[in-house]
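Residue numbers (this note's numbering), protein chains in the order written: chain S, 161 to 496; chain H, 4 to 500.
We treat Cβ as the ideally placed atom computed from N, Cα and C, and that holds for glycine.
Just so it is clear, the structure is predicted and the values come from calculations on it, not from any experiment.
Working notes, beginning with the structure itself.
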């Protein structure tokens with residue numbers, strides 16, 4: 161008998177929610193909705209300067225979120241990116257401000273420092289088999305301490321606008337004539353596209369998903385899982401380094417001892433954007449949109465009279481919602 | 004049959020506490036299907052894992068195409084042309100079919116992975132094998148049977164010279180098995196060496212040229228399939244181990260009361276309208292292929308998965324079971340097929356594990372009464388003949404069979420009258436298996452009622468008083484042991500619905 165395999169009805173009819181990319185679309189709607197909502201209820205929110213400040217606040221979080229998407233997809237996490245960011249910025253900034261290094265050299269130091277810590281995370285998780293939560297919690301503490309040591313416990317101000325070596329601030333916000341333009345958004349978008357390509361169309365991305373999907377099977381497929389597992393954390397560290405540049409450029413002074421909690425906004429954004437809390441799936445574009453949900457809430461809620469505490473509570477609730485969607489999707493997939 | 008392509012000689016391998024392979028010999032010729040047989044725990048999978056570099060051998064030699072080889076990982080074995088189709092599916096659910104098949108050797112355009120070409124190549128591969136699967140489909144959307152087909156396609160795509168099938172038919176329907184055999188015969192014609200590991204005697208007779216039998220990690224012998232009878236093979240497999248006599252008729256007294264009655268149980272796709280009765284002192288076997296819905300049925304009864312419909316009666320009383328807690332209150336104990344995940348807490352002691360389900364009986368005021376706990380645990384260690392240095396021993400240090408006894412003790416201490424054994428002897432070595440069987444028979448004699456889910460036909464036929472057969476989430480048959488045979492059960496288990 162020639163048995164033709166007919167698609168079962170379950171395979172044919174897949175609900176909207178289980179289709180790839182559906183969550184990205186929903187999150188995009190949420191971003192648009194929040195923007196319109198705040199615009200209607202607050203006159204001040206509608207101003208161009210508000211958009212500028214949302215952008216300013218979003219760059220470093222988006223960059224962290226792009227990076228942390230990779231460890232999250234492997235089923236891990238990277239908690240060291242927040243305090244790491246401050247540490248890298250302080251280290252690079254100290255060399256620029258106090259040792260007379262050129263700005264570009266300081267920036268490179270920031271990024272390299274990020275890659276180094278990322279590599280350390282990767283080795284701890286992949287080779288020493290520490291649980292990612294624990295490994296990166298440790299490097300979170302380490303980078304916090306290192307940051308203070310690097311700057312001798314003083315705040316560091318990278319060259320301010322107008323002074324020599326301040327060109328890097330223009331990368332993110334350029335003034336043409338009398339108007340300021342959020343140029344950084346262009347770079348962020350390009351990086352999102354680049355990393356989306358890496359995730360979906362290169363070996364690094366493919367194996368990141370494979371590790372999160374079934375690590376044992378990936379090993380048995382003859383893949384150098386250790387290397388690719390480390391790479392996920394290196395990418396996270398690299399982007400924490402890039403985020404530190406954004407942070408240095410947007411804010412006038414970097415204070416040692418801060419940065420704890422930044423990572424939560426990035427991880428939260430990534431999860432709202434559809435990264436599965438248990439690994440295996442997610443997208444860089446989704447993480448970008450997810451961060452904008454968080455940034456809009458953070459910036460917008462004060463405009464309608466809700467203070468920062470409320471913003472955190474609401475962000476937490478939104479996050480619960482996003483994780484619930486993920487769990488429901490999985491349940492559905494399991495019963496189908 | 005052609006020249007010898009693979010020769011394993013005097014392979015020896017020990018794990019802490021277990022001599023897994025004891026100077027085993029095994030060879031495969033070009034253009035032959037060579038069966039590797041033995042009871043669970045006989046060492047077949049270990050031998051193949053040594054061959055493909057997952058384990059390192061302690062001594063012995065492997066000759067492949069006339070050269071001595073030693074692989075350090077599956078990749079090296081693959082590259083040399085030895086590929087294994089694993090028993091457990093090694094699928095990456097989030098990736099597509101084509102991405103799974105070509106994992107580790109993706110086609111690339113520059114640094115970009117060429118998914119289009121991978122889909123085309125996968126389609127060609129499926130065309131060659133006459134399988135109809137969409138290469139761009141996400142793996143987790145496929146049925147178990149089709150995932151298995153993908154695994155085979157993946158193995159074949161490696162330009163393999165030797166392919167090892169590790170119980171490939173466990174999850175397949177009868178038509179799918181026929182497809183598989185067609186593929187295997189095709190590969191044999193192309194002068195590949197094929198190792199076929201299976202428990203199913205009928206398949207061995209149909210598809211293989213030679214049979215090598217292993218027992219307790221040792222090499223027993225190699226026979227030409229056509230020259231031997233089933234009994235020859237079984238004798239070689241079973242050897243010195245004397246099992247409980249298989250039941251020929253039910254030992255349940257006539258008129259024994261029904262203790263558990265399940266009516267039209269529904270829970271998702273895997274449990275559809277399942278009804279059955281369980282009598283006092285009965286061992287009710289649940290048979291079926293992998294993915295037939297037996298475990299899901301047990302989990303639904305036990306309240307571990309939500310029910311969408313159906314009634315459960317205990318001793319004639321209708322009960323509501325919505326969580327394992329409810330089930331335990333009704334006197335139902337569940338011994339999971341995956342002991343390490345659901346059955347025991349390995350880093351805790353025998354005593355702590357034994358009393359876990361009935362801890363409230365051992366609490367004095369705010370504290371756990373260690374003394375009574377140890378005493379009760381000790382009583383059960385003695386009555387179940389659990390081999391442990393003491394009740395304070397960590398469970399992780401016990402063998403599989405003794406771990407299972409600790410789980411049994413746990414439910415007995417909780418006074419459970421209905422015990423659901425899900426694959427009770429999985430991962431338990433041959434000698435200890437029989438002890439578990441004896442214990443189950445003894446429990447049944449003492450008036451406990453047992454549901455036994457098992458994928459091993461011999462186990463089902465040896466232990467059950469009555470057998471329920473499931474297929475694709477439905478009950479497809481129920482039969483008394485006096486009328487049951489392997490053929491009848493297989494027919495029911497693969498019945499087209």
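Cα separation between residue 327 of chain H and residue 372 of chain H?
As a working note, residue 327 of chain H is residue 324 in the second chain. As a working note, residue 372 of chain H is residue 369 in the second chain. Rounded to the nearest angstrom, the two C-alpha atoms are 25 Å apart.
Around the Cβ of residue 208 of chain S, are there at least 16 other Cβ atoms within 10 angstroms (buried) or fewer (exposed)?
For the purposes of this step, residue 208 of chain S is taken as residue 48 along the first chain, with counting starting at 1. Its Cβ having fewer than 16 others within 10 Å, residue 208 of chain S is exposed.
Please state if the CB of residue 96 of chain H and the CB of residue 374 of chain S are separated by a distance shorter than 8 Å.
Indexing the first chain from 1 puts residue 374 of chain S at position 214. Indexing the second chain from 1 puts residue 96 of chain H at position 93. It is a contact, given that the beta carbons lie within the stated cut-off.
Element boundaries [alpha helix (DSSP H), containing residue 288 of chain H]
On the second chain, residue 288 of chain H is found 285 positions in, with the first residue counted as 1. DSSP places residue 288 of chain H in no alpha helix (DSSP H) but in the uninterrupted beta strand (DSSP E) bounded by 286 to 290.
Does any C-beta atom of chain H lie closer than 8 Å to the C-beta of residue 403 of chain S?
As a first step, residue 403 of chain S must be located in the first chain, where it is residue number 243. Not one chain H Cβ lies under 8 Å of residue 403 of chain S.
Name the residue from S:444, S:436, S:349 whose alpha carbon lies nearest to the alpha carbon of residue 396 of chain S.
The residue you call residue 396 of chain S lines up with position 236 of the first chain. Among S:444, S:436, S:349, the Cα nearest to that of residue 396 of chain S is on S:444.
Inter-residue Cα distance where the pair is residue 478 of chain S and residue 494 of chain H
In the first chain, residue 478 of chain S corresponds to position 318, counting from 1. In the second chain, residue 494 of chain H corresponds to position 491, counting from 1. If you take the alpha carbons of residue 478 of chain S and residue 494 of chain H, they lie about 52 Å apart.
Over the uninterrupted beta strand (DSSP E) stretch that includes residue 270 of chain H, give me the two end residues.
Position 267 of the second chain holds residue 270 of chain H. Residue 270 of chain H -> beta strand (DSSP E) spans 261 to 270.
Report the CB separation of residue 455 of chain H from residue 424 of chain H in whole angstroms; it is logged as a contact under 8 Å.
One-based indexing of the second chain puts residue 455 of chain H at position 452. One-based indexing of the second chain puts residue 424 of chain H at position 421. With 8 Å as the limit, residue 455 of chain H and residue 424 of chain H qualify as a contact, their Cβ atoms being about 5 Å apart.
For chain H, check one thing: does any of its Cβ atoms lie closer than 8 Å to the Cβ of residue 363 of chain S?
Position 203 of the first chain, counted from the first residue, corresponds to residue 363 of chain S. Taking a beta-carbon distance threshold of 8 Å, residue 363 of chain S counts as an interface residue toward chain H.
Closer than 7 Å by C-beta to residue 481 of chain S: which residues in its own chain qualify, once you throw out the five before and the five after it? Chain order, please.
Residue mapping note: residue 481 of chain S aligns to position 321 of the first chain, counting from 1. Close CB contacts of residue 481 of chain S within its chain, under the 7 Å cut and outside five residues either way in sequence, are absent.
Between residue 281 of chain S and chain H, is any beta-carbon pair separated by less than 8 Å?
The residue you call residue 281 of chain S lines up with position 121 of the first chain. Under the Cβ criterion of 8 Å, residue 281 of chain S is not counted among the residues facing chain H.
Do we get a CB-CB distance below 8 Å when we pair residue 323 of chain S with the residues of chain H?
Position 163 of the first chain, counting from 1, holds the residue named residue 323 of chain S. Answer no: the Cβ-Cβ gap between residue 323 of chain S and chain H never drops below 8 Å.
Cut-off 8 Å between Cβ atoms - residues of its own chain near residue 6 of chain H, not counting five sequence neighbours on either side
Against the second chain, residue 6 of chain H aligns to sequence position 3. Within the same chain, 32, 33 come within 8 Å of residue 6 of chain H by CB-CB distance, once the 5 residues on both sides are set aside.
Please state whether DSSP places residue 88 of chain H in a helix, a strand or coil.
Mapped onto the second chain, residue 88 of chain H falls at position 85. Residue state, collapsed to three classes: strand.
Own chain partners of residue 436 of chain S with C-beta closer than 7 Å, once the 5 adjacent residues on each side are dropped:
Mapped onto the first chain, residue 436 of chain S falls at position 276. Closer than 7 Å at the Cβ level, and outside the excluded window around residue 436 of chain S, lie 442, 486.
Residue 478 of chain H bridges to which residues according to DSSP?
Here the question's residue 478 of chain H lines up with position 475 in the second chain. Beta-bridge partners of residue 478 of chain H (DSSP): H:473.
Do we get a CB-CB distance below 8 Å when we pair residue 116 of chain H with the residues of chain S?
Position 113 of the second chain, counted from the first residue, corresponds to residue 116 of chain H. Cβ-Cβ to chain S under 8 Å: yes for residue 116 of chain H.
Quick one, which of H:284, H:406, H:142, H:39 has its alpha-carbon nearest residue 199 of chain H's?
Counting from one through the second chain, the residue named residue 199 of chain H turns up at place 196. Cα-wise, what sits closest to residue 199 of chain H is H:39.
So residue 24 of chain H and residue 54 of chain H are in contact, right, with Cβ under 8 Å, and what is the actual spacing, rounded?
Taking the first residue of the second chain as position 1, residue 24 of chain H is located at position 21. Taking the first residue of the second chain as position 1, residue 54 of chain H is located at position 51. So it is not a contact: roughly 11 Å between Cβ atoms.
List, in order along the chain, the chain S residues whose C-beta lies closer than 7 Å to that of residue 78 of chain H?
Counting from one through the second chain, the residue named residue 78 of chain H turns up at place 75. Those within 7 Å of residue 78 of chain H in chain S are 382.
Determine the chain S residues that contact residue 93 of chain H at a beta-carbon separation under 8 Å, and present them in chain order.
Taking the second chain and counting its residues from 1, one reaches residue 93 of chain H at position 90. One finds 374, 376, 377, 380, 381 in chain S with Cβ atoms closer than 8 Å to the Cβ of residue 93 of chain H, taken in chain order.
Determine the chain S residues that contact residue 109 of chain H at a beta-carbon separation under 8 Å, and present them in chain order.
For the purposes of this step, residue 109 of chain H is taken as the residue at position 106 of the second chain. Chain S residues near residue 109 of chain H: 363, 366.
For a contact meaning CB atoms closer than 8 Å, what does residue 443 of chain S contact in chain H?
Residue numbering aside, residue 443 of chain S sits at position 283 when the first chain is read from its first letter. Scanning chain H for C-beta atoms nearer than 8 Å to the C-beta of residue 443 of chain S yields nothing, as the closest lies near 12 Å away.
Under 8 Å Cβ to Cβ from residue 500 of chain H, same chain only, skipping five residues before and after it: list those, please.
On the second chain, residue 500 of chain H is found 497 positions in, with the first residue counted as 1. Residue confidence is low: residue 500 of chain H scores 47 on pLDDT, short of 50, so the model does not pin down where it sits. Its coordinate-derived value is still stated next. Once the five neighbours on either side are set aside, the close Cβ partners of residue 500 of chain H are 474, 475, 477, 479.
Can you find at least 3 beta carbon pairs, one from the segment 288 to 306 of chain S and one from the segment 333 to 347 of chain S, that sit closer than 8 Å?
The segment 288 to 306 of chain S vs the segment 333 to 347 of chain S: no contact.
Please report how far the alpha carbon of residue 247 of chain S lies from the alpha carbon of residue 310 of chain S, in whole angstroms.
On the first chain, position 87 is the one that residue 247 of chain S refers to. On the first chain, position 150 is the one that residue 310 of chain S refers to. In this structure, the straight-line span from the alpha carbon of residue 247 of chain S to that of residue 310 of chain S is close to 8 Å.
Min CB distance residue 207 of chain H to chain S below 8 Å
Locating residue 207 of chain H in the second chain gives position 204, where the first residue counts as 1. No, because no Cβ of chain S sits closer than 8 Å to the Cβ of residue 207 of chain H.
Can you find a C-beta in chain H that's less than 8 Å from the C-beta of residue 370 of chain S?
By one-based count along the first chain, residue 370 of chain S stands at place 210. By this cut-off, residue 370 of chain S is an interface position.
DSSP state of residue 10 of chain H mapped onto helix, strand, coil
Locating residue 10 of chain H in the second chain gives position 7, counting from the first residue. Strand at residue 10 of chain H.
Helix, strand or coil: which one does DSSP assign to residue 45 of chain H?
Within the second chain, residue 45 of chain H is the residue found at index 42, counting from 1. Looking at residue 45 of chain H - three-state DSSP - the assignment turns out to be coil, as it is neither helix nor strand.
For residue 203 of chain H versus residue 197 of chain H, is the C-beta spacing smaller than 8 Å?
For this step, residue 203 of chain H is matched to residue 200 along the second chain. For this step, residue 197 of chain H is matched to residue 194 along the second chain. No, these two residues do not count as a Cβ contact at 8 Å.
Enumerate in chain order the residues of its own chain whose CB-to-CB distance from residue 143 of chain H is below 6 Å, with the five nearest sequence positions on each side excluded.
Your numbering for residue 143 of chain H matches position 140 in the second chain. By the criterion of a C-beta distance shorter than 6 Å, residue 143 of chain H is surrounded in its chain by 96, once the five residues flanking it on both sides are discounted.
Residue 300 of chain H in three-state terms, based on DSSP:
Your numbering for residue 300 of chain H matches position 297 in the second chain. When secondary structure is reduced to three states using DSSP, residue 300 of chain H falls in the helix class.
Taking only three categories from DSSP, how would you classify residue 305 of chain H?
If you number the second chain from 1, residue 305 of chain H lands on position 302. Of the three classes helix, strand and coil, the one that applies to residue 305 of chain H here is coil, per DSSP.
Using a Cβ-Cβ cut-off of 8 Å, state whether residue 22 of chain H counts as contacting chain S.
For this step, residue 22 of chain H is matched to residue 19 along the second chain. Chain S contact via Cβ: absent.
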